[in-house]
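Notes follow once the structure below has been shown.
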């Protein structure tokens, strides 16, 4: 199987070689998911692509779940893979943080419902009872929505993250199938829309489909990048505030 010329798409000056052996891209992993570009993931812990390198998503992956997150957009800026052991574990902890916050929110709703039901049993105020019954129904809907979100969140034992914009989106390798999946969540509210969807059957497919965008689009990319960085700063402040509470 032929390999593409990586010199076309990689920024080797920014790539960083491994200082320790990967715990994740192991012989066992590569036996299960053989790939043409194995050496790249064994040799480097940071893999930077050139500024104008994109991945084009095949139409077969543009499901309803994909479109709920991405609309009709079928290109993704490649940017970089950060796959050191420490970085991968940091991303795992980041995802666990979101899951725990959702579970805490779920528990709060359940506690509130229990208190309101106790009040209804003891209260003789019909108007209050009606208000609480309405609130209970609303809270039950929220509980179902959060349970659905928890079902969508990736089970970290089944994935290896290779790229993340914390709080926004994550690029993941499915350890069971070898597929590349995109996990996207609302950057502001922990309990808003979340989507997890496949964008490539393998790392090889992802790398083979990378292409170089026209140079004039770089200005737009830089502006978009600055916007994302600003939003990330705001998100990190919010996340740290919750972690310290």
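Numbering (my numbering), first residue to last: 13 to 257.
Every residue, glycine too, gets a C-beta built ideally from N, C-alpha and C.
Just so you know, these numbers come straight off a predicted model, no measurement behind them.
**Prompt:** Can you name, in chain order, every residue of its own chain whose Cβ lies under 6 Å from the Cβ of residue 50, other than the five neighbours on each side?
**Reply:** Within the chain shown, numbered from 1, the residue matching residue 50 stands at position 38. If we look at residue 50 and ignore the five residues flanking it on each side, its Cβ neighbours are 42.
**Prompt:** Taking the C-alpha atoms as reference points, what is the distance between residue 136 and residue 151?
**Reply:** On the chain shown, residue 136 is found 124 positions in, with the first residue counted as 1. On the chain shown, residue 151 is found 139 positions in, with the first residue counted as 1. Roughly 22 Å between the two C-alpha positions.
**Prompt:** Thinking just about the alpha-carbon of each residue, which of 158, 214 and 154 is nearest to the one in residue 183?
**Reply:** As a position in the chain shown, residue 183 is number 171, starting the count at 1. The shortest C-alpha separation from residue 183 is found at 214.
**Asked** Rounded C-beta distance between residue 30 and residue 55? I'm assuming under 8 Å.
**Response** Position 18 of the chain shown, counted from the first residue, corresponds to residue 30. Position 43 of the chain shown, counted from the first residue, corresponds to residue 55. Indeed they touch by this definition, with Cβ atoms about 6 Å apart.
**Message:** Going by the DSSP bridge assignment, what does residue 291 pair with across the sheet?
**Reply:** Past the boundaries of the shown model lies residue 291; the chain is included only from 13 to 257, so the question cannot be answered.
**Message:** Check this for me: beta carbons of residue 148 and residue 185, under 9 Å apart or not?
**Reply:** The residue given as residue 148 occupies position 136 in the chain shown. The residue given as residue 185 occupies position 173 in the chain shown. No, the Cβ-Cβ distance between residue 148 and residue 185 is not below 9 Å.
**Asked** What are the boundary residues of the alpha helix (DSSP H) that includes residue 131?
**Response** If you number the chain shown from 1, residue 131 lands on position 119. That run of the alpha helix (DSSP H) goes 97-134.
**Message:** Can you look up residue 65 in the DSSP assignment and give me helix, strand or coil?
**Reply:** Numbered from its first residue, the chain shown carries residue 65 at position 53. Looking at residue 65 - three-state DSSP - the assignment turns out to be strand.
**Item:** Separation of residue 162 from residue 70, as counted between CA atoms
**Value:** Mapped onto the chain shown, residue 70 falls at position 58. Mapped onto the chain shown, residue 162 falls at position 150. Straight-line Cα distance between these residues: approximately 27 Å.
**Cutoff 6 Å; reference residue 190; Cβ partners in own chain excluding five residues on either side** = For the purposes of this step, residue 190 is taken as residue 178 along the chain shown, with counting starting at 1. For residue 190, where only same-chain residues beyond five positions count, the Cβ hits under 6 Å are 45 and 214.
**Request:** Please check the pair residue 93 and residue 174, which I expect to be a contact at CB under 8 Å, by giving their CB distance rounded to whole angstroms.
**Result:** To locate residue 93, count along the chain shown from 1; it is residue 81. To locate residue 174, count along the chain shown from 1; it is residue 162. 4 Å between Cβ atoms; contact.
**Item:** Which of helix, strand or coil DSSP assigns to residue 21
**Value:** In the chain shown, residue 21 corresponds to position 9, counting from 1. Correct three-state label for residue 21: coil.
**Prompt:** If you draw a straight line from the C-alpha of residue 65 to the C-alpha of residue 83, how long is it?
**Reply:** Along the chain shown, one-based indexing puts residue 65 at 53. Along the chain shown, one-based indexing puts residue 83 at 71. So the alpha carbons of these two residues sit roughly 21 Å apart.
**Request:** Return helix, strand or coil for residue 15, following the three-state DSSP convention.
**Result:** Your numbering for residue 15 matches position 3 in the chain shown. If DSSP states are grouped into helix, strand and coil, residue 15 belongs with coil.
**Prompt:** Relative to the alpha-carbon of residue 16, which residue among 211, 47 and 101 has its alpha-carbon at the smallest distance?
**Reply:** Counted from its first residue, the chain shown places residue 16 at position 4. Nearest option by C-alpha distance: 47.
**Prompt:** For residue 44, which three-state DSSP category applies?
**Reply:** As a working mapping, residue 44 is identified with position 32 in the chain shown. Correct three-state label for residue 44: helix.
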